[in-house]
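Following: one structure in structure tokens, then a few remarks.
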Amino acid sequence: MKALIIDDSRAMRMLLRRIVSNNGFEVVEAGNGQEALDALAVGPLPDVALIDWNMPVMDGLTFVNSVRARPEYRGITLMMVTTESERTQIVRALAAGAHEYLIKPFTEDALLSKFDLLGLRSYSADVVIA
Amino acid sequence: MTDLEYGPDSSMLVEIVGDVFTGLFGERYAPPYLAAPAETLEVSASVSVSGGWFGDVVIACSPALALSAAAELFAMAPEEIAEADIRDVVGEFANVIGGNVKSVMPGPSVLSLPSTSLEGIADRPGEVEALRIDMTWQGEPLCVSIWTVSGQTPQEGDPS
Chain A
191 MKALIIDDSR
201 AMRMLLRRIV
211 SNNGFEVVEA
221 GNGQEALDAL
231 AVGPLPDVAL
241 IDWNMPVMDG
251 LTFVNSVRAR
261 PEYRGITLMM
271 VTTESERTQI
281 VRALAAGAHE
291 YLIKPFTEDA
301 LLSKFDLLGL
311 RSYSADVVIA
Chain B
7 MTDLEYGPDS
17 SMLVEIVGDV
27 FTGLFGERYA
37 PPYLAAPAET
47 LEVSASVSVS
57 GGWFGDVVIA
67 CSPALALSAA
77 AELFAMAPEE
87 IAEADIRDVV
97 GEFANVIGGN
107 VKSVMPGPSV
117 LSLPSTSLEG
127 IADRPGEVEA
137 LRIDMTWQGE
147 PLCVSIWTVS
157 GQTPQEGDPS
């Protein structure tokens, strides 16, 4: 599985990278929405994009709109990871096509719970019938 | 005590800061707690809020706190930390703390990108410091303050 982390803060990208890579994801980083679109253009496509909202050059909402406008990117799960917590902002992001929304500050458990809701972590169980 | 008519009081602001530090550093370190004000805090970052409320949220700390936080977040030795890393970390403090302050102020509002300084807190003409908490983290000082535009009244409505 592959994750694209989009945040203008390198520290935040490091934090997210640590969490998702410890859960088996290969990680690609981008510092803004335009860098993220450039990364998508050269592929391979990620399974999930973790998207900050307030970034220079291209913000997260614009990135979400851009991705949703392209059918070839429809398989990417989009999750906002942002300080924007106003209901109107959450509605805007989800209406634009984001699948999930996580508000900063977040715990590792909260992020991974979102991943579970989105079916991004699979578990295999060996069942022994005695 | 606060001069804010609305929004967080000191205890809520302490809780916001604690949640931010716990989110960034996990349970490895105790969150910041209230302490006496420090004389100088050379590293600062701020975000501006505009819309239903106009003001700034400012975070200031000692260089040692900023260095320690950056080294921890980047998993690097302190001597490897560059100025850009310091600015990145304190900028993110301002972004997340500021965003959480914004969420309890009149809205809707927009949050600016953070601006940072290694020369202390900039003068803020036309603004008043409405709320300030002084804290300590890992033995180093940290201050979080909310500045409002003097004479404003909160407005509900479209920030654009």
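Protein chains in written order, with the numbering used here: chain A, 191 to 320; chain B, 7 to 166. Cβ coordinates follow ideal geometry from the N, Cα and C atoms, glycine included.
Going by DSSP, A:Glu225 is part of the alpha helix (DSSP H) stretching over 223 to 232. For A:Thr278, there is no enclosing beta strand (DSSP E); the residue is found in the alpha helix (DSSP H) stretching over 277 to 286. Along the region 96 to 109 of chain B, the positions whose C-beta sits under 8 Å from a C-beta of chain A are Gly97, Glu98, Asn101, Val102, Gly104, Gly105, Asn106, Lys108, Ser109, read in chain order.
Between B:Leu79 and chain A, the shortest Cβ-Cβ separation is below 9 Å.
When DSSP reads this structure, B:Ile139 sits in a beta bridge with B:Val150. Cβ neighbours of A:Asp197 within its own chain (closer than 6 Å, five residues either side excluded): Arg203, Asp242. When DSSP states are grouped into helix, strand and coil, B:Glu133 belongs to the strand group. Counting C-beta pairs closer than 8 Å gives fewer than three between the region 100 to 112 of chain B and the region 37 to 44 of chain B, which falls short of the contact rule. CA-to-CA, the gap between B:Leu10 and B:Trp153 works out to about 9 Å. The beta carbons of B:Asp94 and A:Ala226 sit about 18 Å from each other, so the pair does not count as a contact at 8 Å.
For B:Pro114, the neighbours in chain A by C-beta distance under 7 Å run, in chain order, Glu276, Thr278.
Assignment of alpha helix (DSSP H) within the region 57 to 141 of chain B, counting only whole runs of 4 or more residues, yields 69 to 80, 89 to 108 in chain order.
Against chain B, a Cβ distance below 9 Å from A:Thr252 picks out nothing, because the smallest value is about 14 Å. In the DSSP annotation of this structure, the continuous segment of the alpha helix (DSSP H) that includes A:Glu298 starts and ends at 298 to 307. Proximity of the region 90 to 104 of chain B to the region 22 to 30 of chain B meets the contact definition, three or more beta-carbon pairs being nearer than 8 Å. By the beta-carbon neighbour count (other beta carbons within 10 angstroms, threshold 16), B:Pro147 is buried. Using a CB distance cut-off of 9 Å, B:Asp62 does not count as an interface residue toward chain A.
For A:Phe296, at least one C-beta of chain B is nearer than 9 Å to its own C-beta. Here A:Leu206 carries a helix assignment [DSSP, helix/strand/coil]. Beta-bridge pairing by DSSP links B:Glu45 to no other residue. Interface flag for A:Asn255 against chain B is unset, since no Cβ pair is found closer than 9 Å.
Scanning B:Asp62, B:Ser56, B:Pro69, B:Ser50 for the CA closest to the CA of B:Val134 turns up B:Asp62. Among the residues of chain A, none has a CB under 9 Å from the CB of B:Leu148; the nearest is roughly 16 Å distant. Ranked by Cα distance from A:Asn255, the options A:Glu276, A:Thr273, A:Gln224, A:Pro234 are led by A:Gln224.
In the structure shown, the three-state DSSP call for B:Ser16 is helix. Residue range 250 to 258 is occupied by the alpha helix (DSSP H) that includes A:Leu251.
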